[in-house]
Amino acid sequence: MILLTVMEHHSNLVPWQLLAERTGAQLRFLPVLDDGTLNLEQLSSFLTPEVKLFAFTHISNSLGTINPVAELCAKARDVGALTLVDAAQSIGHIPLDVQELDCDFLAFSGHKMCGPTGIGVLYGRAEVLDSMPPWHGGGEMIVSVTLEKSTFKKSPHRFEAGTPNVAGAIGLAAAIDYIQRIGRSAIFEHDSELAHYAAERLNELPGTRIFGPSGQRGALVGLVMEAAHPHDLTTFADQYGLAMRGGHHCNQPLMRRFGVSGTTRASFYFYNTMEEIDRMIEILQHAVRFFSPKERRSPVRPLS
Ligand SMILES: Cc1ncc(COP(=O)(O)O)c(C=O)c1O
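In this note's numbering, the protein residues as written are 233 to 536.
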């Protein structure tokens, strides 16, 4: 049994579905509450001793929810389950220490933290890695090879078959140094301030639904404007130089849970400013007027 949550990115759903098809393992999904947090009251009925692995995201890429990783890992350990944390949305935004979180695995992508695409990291606890066979074969990962059989290096080397992505690793190391110099605590503080301010101001927009928790949230806000499809709103914003993202954000089950086909998402980082959020609100207020069917009959004043 593998326990996942309804807020997972497709990349933390599809591989488990493929594995389940291959092995007969079953999947279970911890529900998400209306406020965008995990239903922790139901956790004990989902996280039972049959669960071998609990894989969940640290920060939701559509809701901004920050999950209580250390608490979830401790509860998983109590029932003998391994844990995998999807840190794609947290690695560049929040202080992270795998020993403090006490997870068994943690994965992230380079391009979510100013690094190159095509490279990421899968951290694994040493004892767990040592107990695992290679998952693919090739050069570099062997101790000796005969025509019939091979023996393998210790972990983690036995998981690194073939010529590595050297250029990617150098790029990722530079990105890690860069982020460390700015400081994840400073980034988190800055991003949180922007995200709270943005959520507060977005709530002023008529006919607009804001997704995610009202308390602490990651550096993003998802919204749906009643009068406009998320892609139309994103295109409209783009006309004014505002880069938003529209669609299901690789979260189709989560979108279904909230009864929408997609959202428009604003996300923030250390280079964004409060003034940019004010400008975003100005553009979105203009969008409300533009897309409102009644208002559309009268000319919409241009925005400078
Ligand atoms: C929470 C989360 N997990 C996983 C991923 C997938 O990362 P990648 O683009 O490297 O496949 C993303 C990227 O959008 C994400 O936001």
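Beta carbons: idealized from backbone N, C-alpha and C, even for Gly.
Item	Value
Would you decide whether residue 345 is buried or exposed? Buried here means 16 or more other CB atoms lie within 10 Å of its CB.	buried
Verify the contact flag: residue 480, CB atom, against every heavy atom of ligand 1, threshold strictly below 7 Å.	no
Using only the heavy atoms of ligand 1, determine whether one of them is closer than 7 Å to the beta carbon of residue 241.	yes
Check whether the Cβ of residue 352 lies closer than 7 Å to any heavy atom of ligand 1, and answer yes or no.	yes
Under a three-way DSSP split, which group does residue 242 fall into?	helix
Between the Cα of residue 454 and those of 357, 430 and 243, spot the shortest distance and give me the residue it belongs to.	430
To test your reading of the DSSP string, which unbroken alpha helix (DSSP H) runs of 4 or more residues are found completely within the stretch 412 to 462?	416 to 434
DSSP three-state call for residue 352: helix, strand or coil?	strand
Please determine whether the Cβ atom of residue 321 lies at a distance below 7 Å from any heavy atom of ligand 1.	yes
Quick one: grab the DSSP three-state call for residue 490.	coil
I'd like to check one pair, residue 477 with residue 466: are the Cβ atoms closer than 8 Å?	yes
I'd like the list of long-range same chain contacts for residue 496, defined as Cβ closer than 6 Å, with 5 residues on each side in sequence excluded.	455, 462, 465, 466, 476 and 478
Look up residue 468 in the DSSP assignment and say whether it is helix, strand or coil.	helix
Residue 355: which of 258, 268, 373 and 334 sits nearest, CA to CA?	334
Based on DSSP bridge pairs, tell me the residues matched to residue 509.	Residue 509 pairs with nothing; no bridge assigned.
Looking only at its own chain, which residues have a Cβ that is under 8 Å from the Cβ of residue 388, when we skip the five neighbours before and after it?	356 and 361
Quick check on the DSSP output: the beta strand (DSSP E) that includes residue 316 runs from which residue to which?	314 to 318
Only counting the same chain, and skipping five residues up and downstream in sequence, which positions put a Cβ closer than 6 Å to that of residue 535?	518
According to DSSP, simplified to helix, strand and coil, what is residue 251?	helix
I'd like to know whether the C-beta atoms of residue 316 and residue 339 end up nearer to each other than 8 Å.	yes
Using only the heavy atoms of ligand 2, determine whether one of them is closer than 7 Å to the beta carbon of residue 387.	Within the structure as shown, ligand 2 is missing, the only ligands being ligand 1.
What distance in whole Å lies between the Cβ atoms of residue 283 and residue 233, which are believed to be in contact at a cut-off of 8 Å?	5 Å
Select from 235, 240 and 236 the residue whose C-alpha is nearest the C-alpha of residue 482.	240
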